[in-house]
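Asker: Have a look at this one.
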Amino acid sequence: MRVFQLQRISAVALVVFLTIHMVVVHYPPFHIDFSRILERLADPLWKGIDITFLFFVLIHALAGTYAVLTDYESIAKFKRPIAGLAILLGLIAFTWGALTIWSFQPPV
Amino acid sequence: MYKTPGFISFALRRITGIALVLYLFMHIWVIGSAVGGAETFNERLNLFQQPAFKVAEVFLLAAVVWHAFDGIRLLIVSQFKVTDTRASQFYAVLVLAALVTIAGGVPILLFMLNGG
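Here the protein sequences line up with chains E and H, keeping their order. Under our numbering, the first residue of the first sequence carries the number -7, and numbering increases by one thereafter. Under our numbering, the first residue of the second sequence carries the number 623, and numbering increases by one thereafter.
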């Protein structure tokens, strides 16, 4: 799959997830604190939504950064190492983020 | 060339994209601190709840909205080959993004002015 295809698929998913995120988590504006996180992450459905959101947002952000960087001729010759770095960074961030969300338990 | 809607759209998409990537990692840094417990999370989040950051949130909203709407426009243009109305589409995205930013930004500013 090409980078621009990854960008498009993740973009369509993000329109949906970001709209849900903004409407549910940020509007109407209210004071956000730890109790709000507890409330939302107590629901496994929200955990699933947040992990999927993280997956698409990381793909879109990293593929976008890759595309911007490799558009410069001087950087384009390092396409492969940059792609490798982006994949590695994505895997680490997703694993850490997904495990954090999934294993999150309210402190006793 | 540098004043055409196509170039402005391209430049704005890149600028907002880079800004959003930087914001994303900062956002993950704040939200990820929830595993450290209430004190760590609230302390880190409070750094970003000052009035200056509320104003910055409106700019963030503008960046997200622009990036999303212009991305949808780009998708329509290239997927369905709707190329003859590109300039009008650009202005439509501009107006739509401005309207959504106002609709979403005003509640943020009112919340800030009410001491939120």
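Glycine included, C-beta positions come from ideal geometry on N, C-alpha and C.
1) Could you confirm whether any beta carbon from chain E is found closer than 8 angstroms to the beta carbon of Pro673 of chain H?
2) Strictly below 8 angstroms CB to CB, what residues from chain H border Tyr19 of chain E?
3) Under a three-way DSSP split, which group does Tyr713 of chain H fall into?
4) In whole angstroms, give me the CA-to-CA distance for Pro645 of chain H and Lys676 of chain H.
5) Could you spell out the range, first to last residue, of the alpha helix (DSSP H) harbouring Thr626 of chain H?
6) Quick check on this structure: which residue in E:Gln(-3), E:Met14, E:Val4 has the alpha carbon closest to the alpha carbon of Pro729 of chain H?
7) Name the residues in the region 638 to 661 of chain H whose C-beta lies less than 8 angstroms from a C-beta of chain E; which are they?
8) Of all the options H:Lys625, H:Gly654, H:Ser631, which has the alpha carbon lying nearest to the alpha carbon of Phe739 of chain H?
9) At what residue ranges does the region 672 to 713 of chain H contain a whole run of the alpha helix (DSSP H), taking only runs of 4 or more?
10) Mark His23 of chain E as exposed unless 16 or more other C-beta atoms lie within 10 angstroms of its C-beta, in which case mark it buried.
11) Between E:Arg72, E:Tyr58, E:Gly40, E:Val60, which has its C-alpha nearest Gly89 of chain E's C-alpha?
12) Can you give the Cα-Cα distance for Lys7 of chain E and Glu65 of chain E, rounded to whole angstroms?
13) I'd like to know whether the C-beta atoms of Val60 of chain E and Gly639 of chain H end up nearer to each other than 8 angstroms.
14) Could you give the first and the last residue of the continuous alpha helix (DSSP H) run that contains Val7 of chain E?
15) Between E:Ala75, E:Ala3, E:Phe45, E:Phe47, which has its C-alpha nearest Tyr58 of chain E's C-alpha?
16) Between the region 696 to 709 of chain H and chain E, which residues of the former have a C-beta closer than 7 angstroms to a C-beta of the latter?
17) Nearest-angstrom Cα distance between Gln671 of chain H and Leu697 of chain H?
Answerer: Taking the geometry as given:
1) One-based indexing of the second sequence puts residue 673 of chain H at position 51. Judged by the 8 angstroms Cβ criterion, Pro673 of chain H is not in contact with chain E.
2) Within the first sequence, residue 19 of chain E is the residue found at index 27, counting from 1. Those within 8 angstroms of Tyr19 of chain E in chain H are Gly726, Pro729.
3) For the purposes of this step, residue 713 of chain H is taken as the residue at position 91 of the second sequence. Tyr713 of chain H: helix per DSSP, three-state reduction.
4) In the second sequence, the residue the question calls residue 645 of chain H occupies position 23. In the second sequence, the residue the question calls residue 676 of chain H occupies position 54. Residue identity check: residue 645 of chain H is Tyr in the sequence provided, not Pro. Tyr645 of chain H and Lys676 of chain H: Cα-Cα distance of roughly 14 angstroms.
5) One-based indexing of the second sequence puts residue 626 of chain H at position 4. No alpha helix (DSSP H) holds Thr626 of chain H; DSSP gives it neither H nor E.
6) Position 107 of the second sequence holds residue 729 of chain H. Nearest of E:Gln(-3), E:Met14, E:Val4 to Pro729 of chain H, Cα basis: E:Met14.
7) Gly639, Ile640, Leu642, Val643, Leu646, Ile650, Ile653, Gly654, Ala656, Val657, Gly659, Ala660
8) Past the edges of chain H, shown from 623 to 738, lies residue 739 of chain H, and the structure says nothing about it.
9) 673 to 702
10) Walking along the first sequence from the start, residue 23 of chain E turns up at place 31. Its Cβ having fewer than 16 others within 10 Å, His23 of chain E is exposed.
11) The residue given as residue 89 of chain E occupies position 97 in the first sequence. Out of E:Arg72, E:Tyr58, E:Gly40, E:Val60, E:Gly40 has the C-alpha closest to the C-alpha of Gly89 of chain E.
12) On the first sequence, position 15 is the one that residue 7 of chain E refers to. On the first sequence, position 73 is the one that residue 65 of chain E refers to. The sequence as given places Val at residue 7 of chain E; Lys does not occur at that position. Computed Cα separation, rounded: 31 angstroms.
13) Within the first sequence, residue 60 of chain E is the residue found at index 68, counting from 1. Within the second sequence, residue 639 of chain H is the residue found at index 17, counting from 1. For Val60 of chain E and Gly639 of chain H, yes; Cβs fall inside 8 angstroms.
14) On the first sequence, position 15 is the one that residue 7 of chain E refers to. Where Val7 of chain E is concerned, the enclosing alpha helix (DSSP H) stretches over -5 to 13.
15) Numbered from its first residue, the first sequence carries residue 58 of chain E at position 66. Tyr58 of chain E has its Cα closest to that of E:Ala75, out of E:Ala75, E:Ala3, E:Phe45, E:Phe47.
16) Leu697
17) Sequence index remark: in the second sequence, residue 671 of chain H carries index 49 (1-based). Sequence index remark: in the second sequence, residue 697 of chain H carries index 75 (1-based). For Gln671 of chain H and Leu697 of chain H, the distance between alpha carbons rounds to 35 angstroms.
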